[in-house]
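Scroll down for the structure; my scribbles are underneath it.
There are 2 protein chains.
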Amino acid sequence: MLKNLLGPEIRELIERKEWETLKETLENWEAPDIAEFLDDMDSGTDRVILFRLLSREIGAEVFAELGTTAREKLMATMNDLQIREILIDLPPDDRTSLFGELPGEVTQRLVNLLPAGERGEALMLLGYPEQSVGRLMTPHYVAVRPEWTVGRALNHIRRRGRESETISMVYVTDSSWAFLDALELHHFILASPKKKVRDLMDGNFVHLNPYDDREEAVRIMEHYNLPALPVVDSLNVMLGIVTFDDVMDVAKEEATEDFYRTAAVTPLRGNYPEAGVGQLYKKRIPWLMVLIGINLFAGAAMASFEEMISRAVALVFFLPLLIDSGGNAGSQSATLMVRALAMGDVRPGDWVSMLGREVLVAGLLGLTMGLAVWGLGIYRGGPAVAAAVSLAMVAVVMMGSVIGTLLPFLLNLLRMDPATASAPLITSIADICGVLIYFSIAARFLGT
Amino acid sequence: MLKNLLGPEIRELIERKEWETLKETLENWEAPDIAEFLDDMDSGTDRVILFRLLSREIGAEVFAELGTTAREKLMATMNDLQIREILIDLPPDDRTSLFGELPGEVTQRLVNLLPAGERGEALMLLGYPEQSVGRLMTPHYVAVRPEWTVGRALNHIRRRGRESETISMVYVTDSSWAFLDALELHHFILASPKKKVRDLMDGNFVHLNPYDDREEAVRIMEHYNLPALPVVDSLNVMLGIVTFDDVMDVAKEEATEDFYRTAAVTPLRGNYPEAGVGQLYKKRIPWLMVLIGINLFAGAAMASFEEMISRAVALVFFLPLLIDSGGNAGSQSATLMVRALAMGDVRPGDWVSMLGREVLVAGLLGLTMGLAVWGLGIYRGGPAVAAAVSLAMVAVVMMGSVIGTLLPFLLNLLRMDPATASAPLITSIADICGVLIYFSIAARFLGT
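See below:
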């Protein structure tokens, strides 16, 4: 982007107080670039100066793209009138997402700053549950009636187009806003102006319900390759649209949340670099404590083999290897399942066939790994230890894979996110089973 | 989607050989739904029958959306003439991605089936490296000249629009195809027809180079919220466009690859359910063997404390707890870093500030976890063991976090994907350090 090149120049202009030149320079930038530049600025005062130089229209666009921290710092320097101006200029979906990030009282105060008509819109969008399609939608779209001619529809698109988030898709509704069809703009451009809108309609459409999970919007948009989707309530009334840019943001956020879950971190709100030490602590400690609880069982399982261990300490040297191998194979299986479930490639009912294949793969993996540690077992503890370690390796790897395969399906059945089957969780559970399997096999081979 | 409801009906129609009704039913479906239905069919014969019933145009669209397995099975039943027909009807970017999936000789044979003009296009797109923007682009876009009037431009859009992948964006080039500007369609619709295209131009555009990594397309499209991006070569000649639907697919694939890496699985091509046992084995075994290699060091480290362990076997019971806690905290840090690097929220140069914060967070986490295991240490082994275990916990958690924070930056420096810092890898490295830290501290407290 431009900002790395122009950063020093901008700083110099601020120092020299050349406001006119600064204003002209900024006018040539795209709003997302200005936002990124403001996000990266160290000096809060410079940020306020730059932001105030922007035209009202660009200012709102930039504000919508800013990170949480920069946004809050800017708002702290503004009075209610200035905040009101920005809020009015924000597109409704960005406004809703801004409100969603703020504490309840602040949201209420800001909603009250809006003019009456816009206030109703904001409250309506905020009324839908977090993570729902309702929170993503914007009521700014173009709708035409089936009885209109294409010419009249195009005139209407021309008039209404400026306020709409997109005109790539045009929606057909009746006079009471019942949803009838979704048509791409090019149908209107390519058709004769005298044709009726009704004749362009093909009845091919997909729509979302405002209470749908926002992941549904990602899935449907990816599946049908549409740049915008209509949101229709249960009475078939058209409420708004969801556009591809918001859906791409959701897809990114959902992937990030799943990444955090795979590492047993409760998803953060906002960017990682903006999170404070306290917030990071709070997001990480609960799972670490749960994992300690589970790990205690592995210790307890070992304690029951105390006598054998004290007679053959060499057995313990293979313990990290064995329990980690079980955990590693299990994490692999779990990640494959979690991702396949999230992408809809595998359905919850498919667990039997998935398990069959994973057991087969795990058997092959275990055999390979068992052979690899055989030699080491001979060298460190003789043939009996080697046999115990190799056999335990096969068993532990297969057991880890079975746990890793089944846990995501089980979590799904319990209506929890399958991604909760994180690598650390699988490792901890596999440890307990690994300890039991390894020492039981060893007990047999060492004749205890 | 429809298919779950209509599946049984379709099967009945096939059995009764009611081809006309089947054809009519299918005509009401969207191409992605038909593709999903064909993907899920068990009977290859039924799939061929259904596919042959589709119109040529819909058939190509469906073919583009099919999974690898269904596609290959269908192609095996077709002669060259039939394959040629489908290839010609496929949009160039889908054709390139199909060719990319097939072995070299098959690609060559298929390219030869294309008419001369299309052959050049396919070879041009295939000439760009895998994972490059060049492979994603389509040459089917609408370009207008600056000296045209808006009315003439709209006429041109009308004529060329049908063959274009999108007309949401219109590109301005000069007569030698030098790229000048990118404009949204609504500027043309909203402007007076007598205005010149030159007057609509604002010089605000972003473009891609065909040799850019395809992740660059994802980043830029997310940043600027544009439904299509122009691809321009180093001489400023416009080569094609990349559209949001292909970019969403790339974003999905890249996220999936990163998920696989976090679990130490080499990224698969194609969907997980379509992967064979042999392929899964090959993608999983290399990392498992590397991890065994690393784990051996943990065993060796333990062997050096053999004497102490045989005198205080109770120490070993805390081993899984301690080494797992280090690995868990490390996996959390690594995942946070990998994701922040991938999203561009953190830059490679930020490692110092990231490390500072992570050490602070890890200190707090370690203290909490150390306190939690204190009581257990007293109960199982008395005050000396309790002190050793608690202190080791703090040290191990901090060490794990430091490894987890630094490894992604180190991998990045070595020009490897930071996501290679998988949970299993962090766990295995943390194990070695954990064993050394724990037993060294224990040796001090137990006076050995």
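Those sequence lines, one after another, are chains A and B.
Counting from 1 along the first sequence, just add 264 to a position and that's the residue number in the working numbering.
Counting from 1 along the second sequence, just add 264 to a position and that's the residue number in the working numbering.
Every residue, glycine too, gets a C-beta built ideally from N, C-alpha and C.
These numbers come from a predicted model, not from an experiment.
- Three-way DSSP call (helix, strand, coil) for aspartate 477 (chain A) in this model: Looking at aspartate 477 (chain A) - three-state DSSP - the assignment turns out to be strand.
- Query: Applying a beta-carbon distance threshold of less than 7 Å, which residues of chain B neighbour histidine 487 (chain A)?
  - Reply: Pro296
- Which value, in whole angstroms, describes the spacing of the CA atoms of leucine 552 (chain A) and glycine 620 (chain A)? Our two residues, leucine 552 (chain A) and glycine 620 (chain A), have alpha carbons roughly 32 Å apart in a direct line.
- Message: Considering just the uninterrupted stretch of the alpha helix (DSSP H) at threonine 289 (chain A), what are its terminal residues?
- Response: 283-291
- Any beta-carbon of chain B closer than 9 Å to the one on histidine 420 (chain A)? no
- Message: Which residues of the stretch 520-542 of chain A have a Cβ closer than 8 Å to any Cβ of chain B? Give them in chain order.
- Response: Taking 8 Å as the Cβ-Cβ cut-off against chain B, the residues of the stretch 520-542 of chain A that qualify are Thr520, Asp522, Phe523, Tyr524, Thr526, Ala527, Ala528, Val529, Asn535, Tyr536, Pro537 and Val541.
- Message: Just to confirm the assignment, what range does the alpha helix (DSSP H) spanning aspartate 522 (chain B) have?
- Response: 508-526
- Item | chain B contact residues for glycine 216 (chain A), given Cβ-Cβ distances below 7 Å | Since the first residue shown for chain A is 265 and the last is 712, residue 216 (chain A) is missing from the structure and cannot be characterised.
- Task: Could you spell out the range, first to last residue, of the beta strand (DSSP E) harbouring aspartate 681 (chain B)?
- Result: Where aspartate 681 (chain B) is concerned, there is no enclosing beta strand (DSSP E), given that its DSSP letter is neither H nor E.
- Task: Taking C-beta pairs closer than 8 Å, name the residues in chain B that isoleucine 556 (chain A) reaches, listed in chain order.
- Result: Leu585, Ser589, Met633, Ala636 and Val637
- Task: Could you tell me whether the Cβ atoms of valine 216 (chain B) and isoleucine 573 (chain A) are closer together than 9 Å?
- Result: Because residue 216 (chain B) is not part of the residues shown, which for chain B are 265 to 712, the question remains open.
- Query: Just curious, the beta strand (DSSP E) that threonine 437 (chain A) is in, first and last residue?
  - Reply: 433-437
- Item | Assumed close pair leucine 560 (chain B), leucine 585 (chain A) - CB separation to whole angstroms, cut-off 8 Å | Leucine 560 (chain B) to leucine 585 (chain A), Cβ: 7 Å. Contact.
- Item | Cβ pair count under 8 Å reaching 3, the stretch 591-598 of chain B against the stretch 640-647 of chain B | no
- Task: Compare the C-alpha of proline 296 (chain B) against each of B:Leu286, B:Ala324 and B:Glu282 and name the closest.
- Result: B:Ala324
- Task: Measure the C-alpha to C-alpha separation of histidine 471 (chain A) and glutamate 479 (chain B) and round it to an integer number of angstroms.
- Result: 29 Å
- Within-9 Å CB hit, serine 498 (chain B) to chain A: no
- Query: Does the count of Cβ pairs from the stretch 687-694 of chain A and the stretch 686-698 of chain B closer than 8 Å reach three?
  - Reply: yes
- 6 Å Cβ shell around aspartate 445 (chain B) - same chain, five flanking residues per side excluded: Val436, Met465 and Phe469
- Item | C-beta neighbour in chain B for serine 307 (chain A), strict 9 Å | no
- Task: Go to aspartate 358 (chain A), then tell me how far its alpha helix (DSSP H) extends in each direction, as first and last residue.
- Result: In the DSSP assignment, aspartate 358 (chain A) falls within the alpha helix (DSSP H) that extends over 356-365.
- Item | DSSP state of leucine 443 (chain B) mapped onto helix, strand, coil | Residue 443 (chain B) is actually phenylalanine in this sequence, not leucine. Phenylalanine 443 (chain B) falls in the strand class under three-state DSSP.
- So does the stretch 394-409 of chain B actually touch the stretch 418-437 of chain B, counting three or more Cβ pairs closer than 8 Å? yes
- Message: Excluding the 5 residues flanking alanine 562 (chain A) on each side, which residues of the same chain have their C-beta closer than 7 Å to its C-beta?
- Response: Asp695, Ile696 and Val699
- Task: Return the chain-ordered list of same chain residues with a C-beta closer than 7 Å to the C-beta of tryptophan 638 (chain B), the five sequence neighbours on each side being excluded.
- Result: For tryptophan 638 (chain B), the CB contacts under 7 Å within the same chain, skipping 5 residues up- and downstream, are Ala650 and Ser654 in chain order.
- Checking contacts by CB at 9 Å: is threonine 669 (chain A) closer than that to chain B? no
- Message: Going by DSSP, what residue range makes up the beta strand (DSSP E) through proline 494 (chain A)?
- Response: 492-496
- Is the CB-CB distance between valine 414 (chain A) and proline 457 (chain A) below 9 Å? For valine 414 (chain A) and proline 457 (chain A), yes; Cβs fall inside 9 Å.
- Task: Locate the alpha helix (DSSP H) running through tryptophan 615 (chain B), then write down its first and last residues.
- Result: 615-677
- Task: Please check the pair arginine 320 (chain A) and aspartate 344 (chain A), which I expect to be a contact at CB under 8 Å, by giving their CB distance rounded to whole angstroms.
- Result: No, arginine 320 (chain A) and aspartate 344 (chain A) are not in contact; Cβ-Cβ is about 16 Å, not under 8 Å.
- Task: Throw me the rounded Cβ distance for the aspartate 303 (chain A) and alanine 334 (chain A) pair, which I believe falls under 8 Å.
- Result: 5 Å
- Query: If you measure from the beta carbon of threonine 402 (chain B) to each beta carbon in chain A, is any gap under 9 Å?
  - Reply: Using beta-carbon distances, threonine 402 (chain B) does not count as an interface residue toward chain A, since no partner is under 9 Å.
- Exposed unless 16 or more other CB atoms sit within 10 angstroms - verdict on serine 440 (chain A): exposed
- Output the boundary residues of the alpha helix (DSSP H) element that contains tryptophan 551 (chain B). 541-567
- Do you know how far the Cα of proline 682 (chain A) is from the Cα of leucine 671 (chain A)? 8 Å
- Query: Beta-carbon of methionine 265 (chain A) versus every beta-carbon of chain B: anything under 9 Å?
  - Reply: Summary for methionine 265 (chain A): the model assigns pLDDT 43, below 50, so the residue's position carries little reliability; its value from the coordinates is reported in the next sentence. Answer yes: the Cβ-Cβ gap between methionine 265 (chain A) and chain B drops below 9 Å somewhere.
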